[in-house]
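A.B. asks: I have a structure here, written as structure tokens, and I will follow up with some questions on it.
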Amino acid sequence: MEPQLAFHSVIDFGTTRIKSAIITPDGYIDRIRTIDAPNVHRDGLFAESDPIAYLDAATGLLEETIHPCVPDVRIGLATQRSSFLFWEKKSGNAVTPLISWQDRRANSWCMTHKDQFNNLDVSTGLFLSPHYAGPKLAYLFATDKQLARRAAAGELLFGTLETFLIWKWTNGEFHVTDISMAARTLLVNIKTGMWSGKLRKLMNVPSAILPEITNSYGQNIPLTIGGRITALIADQAASTFAFDHEKRDKILINLGTGGFIVFPYSGEYQSKPGYLTSVIGKDQKNRYSYAFEGTINGIGNHCCSDAGKLPALDDRDPCPNRYCLPDTTGIGAPFWRADIPCTFSVEPDLISPNDRMMIIKEGLIFRVCHIIFNICDSWQLSDIYIAGGLAEDTFVCRGIAACLRHSIYKIKDKELTLLGLAQLTTEFEFSNKLETQEITTLGNCYLTKKYCKWEKWVYRFLNNH
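Residue 2 is where the sequence shown starts when you use our numbering, and the numbers rise one by one after that.
Written out as structure tokens, the structure is:
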């Protein structure tokens, strides 16, 4: 089969950065460009950014990467999950900011209504949380009567970031999202891949505001600025397609702004107590791909330091009996305690800055290993890969390998999301292969014993709070 590659374009819309690249005719990504994403403005529980700034930045990147000599440029979009906005159906003008996935304004709504959402994970793969769009919609409609009235009257449209961009780039012809993005709203039954009438009613969401749910790839959405979108997918889902897309027996540890441990699996939808089940794609034959996901809520900002200052990983514990749960925005899987941010076993002010950073990173290592042990359960560990900014941290990588007693593979390619997105955009004709470095397990490391002590401290602490 002749490759169809001809300077196609891919863009990854992250929370902190936007990245674009072209796919060259010989099947590689090139001309990678990174710009800062619009600032997320925080005010208490609120976290918002400017959707028009995203639109302007994205349009500029597309105009740079769409090759003028190629009339049929394919475009792929990968987008941060759960961030959303409203805009006017008639004018296309945004009427809300882009409300970030980090926004927690719906925390009180979730606490008040939690008894109405028993066994939510069975149909959605998720748990009731203010991270997701659905509860925030319920909160907005309960507190902003004008917004609720206009939505009910059909004057407004709802969408995640890529939905808004596509609407603008097609002059309102397409109001769409893919299943991997829609499934993170807490409004979709992932067994059927459709918006759930029951969940819509519980959260007071009119059906008319919701976009059409489409496949993740094999699309054909022509844009007024040139080219056509052939793939749209959630950023974390895209990264899983950077591998051999037929191979599902792997574990991906992605440590960036947040921590995500993803276990793609074959077959029918399953759920696992305490963990999310994500839809990571849907093809043209309506076949779904799923993954178990363990989430560590916010780690990147307070784990960045000079790893060279940390001690060697030998049999001596430099800070015995000192532990940390590192999640900055409430503890994630499998505990789901939104009320408990980053926590230490002793008063942080009593710990030196360097020791505090080491204990935070130990906590991250233990959180990753705890999730892997939990989800794998009796399964044999398969190939384990690590990516993201913290994959460059030798202490973190070697510590994870030591605690798992299993080699892991650091992905040298920096742009895992773009690589996976390139596969989808070109319908798996993209030829670039991942380059990895094996991180072998250590023979005698204090972390293996400390992990057991950390785990006991965690359960004791959570039982008392």
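Glycine included, C-beta positions come from ideal geometry on N, C-alpha and C.
The structure displayed is predicted, hence computed values, not measured ones.
Along the alpha helix (DSSP H) that carries G61, what are the first and last residues, could you check?
C.D. replies: P52 to T66
A.B. asks: With DSSP collapsed to three states, give me the class of S383.
C.D. replies: coil
A.B. asks: According to the Cβ coordinates, are D328 and N298 closer than 8 Å?
C.D. replies: yes
A.B. asks: My parser needs the beta strand (DSSP E) runs of 3 or more residues fully inside the stretch 342 to 405; what are they?
C.D. replies: Taking only runs of at least 3 residues, the beta strand (DSSP E) segments lying wholly in the stretch 342 to 405 are 384 to 388.
A.B. asks: Where DSSP assigns a beta bridge to A22, which residues make up the other side?
C.D. replies: Bridge partners of A22: V11.
A.B. asks: With DSSP collapsed to three states, give me the class of E49.
C.D. replies: strand
A.B. asks: Quick check on G219: does DSSP put it in helix, strand or coil?
C.D. replies: strand
A.B. asks: So what's W102 in DSSP terms, helix, strand or just coil?
C.D. replies: Assigned with DSSP and collapsed to three states, W102 falls in coil, not helix or strand.
A.B. asks: Over the uninterrupted alpha helix (DSSP H) stretch that includes G421, give me the two end residues.
C.D. replies: DSSP places G421 in the uninterrupted alpha helix (DSSP H) bounded by L417 to T426.
A.B. asks: Based on Cα-Cα distance, which residue from D57, E430 and I332 lies nearest to W170?
C.D. replies: D57
A.B. asks: Flag C404 as yes if its beta-carbon sits less than 8 Å from any beta-carbon of chain C, otherwise no.
C.D. replies: Going by chain labels, chain C is absent from the structure shown, which holds only one protein chain.
A.B. asks: Relative to the C-alpha of T97, which residue among T66, S124, D145 and R75 is closest?
C.D. replies: T97 has its Cα closest to that of D145, out of T66, S124, D145 and R75.
A.B. asks: What's the gap between the Cα of D51 and the Cα of L256?
C.D. replies: 26 Å
A.B. asks: Taking the C-alpha atoms as reference points, what is the distance between R336 and T125?
C.D. replies: Checking the sequence shown, residue 336 turns out to be Phe, not Arg. If you take the alpha carbons of F336 and T125, they lie about 18 Å apart.
A.B. asks: Just verifying my parser: in three-state terms, what is the DSSP assignment at S84?
C.D. replies: coil
A.B. asks: Do you know whose CA, among S290, K273, F374 and L46, lies nearest L121's CA?
C.D. replies: Restricting attention to S290, K273, F374 and L46, the CA atom closest to the CA of L121 is found in K273.
A.B. asks: From Y452 to F367, what does the alpha carbon distance come to, in whole angstroms?
C.D. replies: 6 Å
A.B. asks: Contact check, I214 vs G194 under 8 Å by CB: the rounded distance?
C.D. replies: 6 Å
A.B. asks: Short of 7 Å in beta carbon distance, which residues of its chain neighbour H1, apart from the five on each side in sequence? Order them along the chain.
C.D. replies: Residue 1 cannot be examined here, being either before or after the span of the chain that is shown, 2 to 466.
A.B. asks: Mapping DSSP to helix, strand and coil, what is N464?
C.D. replies: helix
A.B. asks: Which of helix, strand or coil does DSSP assign to I412?
C.D. replies: DSSP places I412 in the strand class (E or B) of the three-state scheme.
A.B. asks: My output table needs one value for D179: the three-state DSSP class, helix, strand or coil.
C.D. replies: Three-state DSSP puts D179 in a strand.
A.B. asks: Could you check if Y410 is buried or exposed, using at least 16 other CB atoms within 10 Å of its CB as the buried criterion?
C.D. replies: Y410 is buried by the Cβ-count criterion.
A.B. asks: On the CB-based measure, 16 or more other CB atoms within 10 Å of its CB, does E163 come out buried or exposed?
C.D. replies: Buried is the call here.
A.B. asks: Assess, as a yes-or-no matter, whether the stretch 420 to 438 is touched by the stretch 218 to 237 under the definition of 3 or more beta carbon pairs within less than 8 Å.
C.D. replies: yes
A.B. asks: What is the residue span of the alpha helix (DSSP H) that L158 lies within?
C.D. replies: From DSSP, L158 is part of no alpha helix (DSSP H) but of the beta strand (DSSP E) over L157 to T161.
A.B. asks: In three-state DSSP terms, what is K251?
C.D. replies: Of the three classes helix, strand and coil, the one that applies to K251 here is strand, per DSSP.
A.B. asks: Pull up the distance between the alpha-carbon of E393 and that of Q237, whole angstroms please.
C.D. replies: When only Cα atoms are considered, E393 and Q237 end up about 19 Å apart.
A.B. asks: State the DSSP-derived secondary structure class of F42, mapped to helix, strand or coil.
C.D. replies: The displayed chain sequence assigns His, not Phe, to residue 42. Three-state result, H42: strand.
A.B. asks: Check S279 in the structure and name its three-state DSSP category.
C.D. replies: strand
A.B. asks: Please determine, among P342, N355 and F142, the residue with the shortest C-alpha to C-alpha distance to A154.
C.D. replies: It is F142.
A.B. asks: In the DSSP assignment, what are the bridge partners of A235?
C.D. replies: T80
A.B. asks: Quick check on the burial criterion: 16 or more other C-beta atoms within 10 angstroms. Buried or exposed for M2?
C.D. replies: Low per-residue confidence applies at M2: pLDDT is 37, beneath 50, and the placement is therefore not dependable, though the value from the model is reported in the following sentence. Counting Cβ neighbours within 10 Å, M2 comes out exposed, since fewer than 16 surround it.
A.B. asks: If we count the other Cβ atoms within 10 Å of its Cβ and call it buried at 16 or more, is Q438 buried or exposed?
C.D. replies: exposed
A.B. asks: Give me, in chain order, the residues of the same chain whose beta-carbon lies closer than 8 Å to that of R323; leave out the 5 immediate sequence neighbours on both sides.
C.D. replies: F345, S346, V347, I352, D356 and I360
A.B. asks: Evaluate I36 with the Cβ neighbour count: other Cβ atoms within 10 Å of its Cβ, from every protein chain shown; 16 or more gives buried, anything less gives exposed.
C.D. replies: With fewer than 16 other Cβ atoms within 10 Å, it is exposed.
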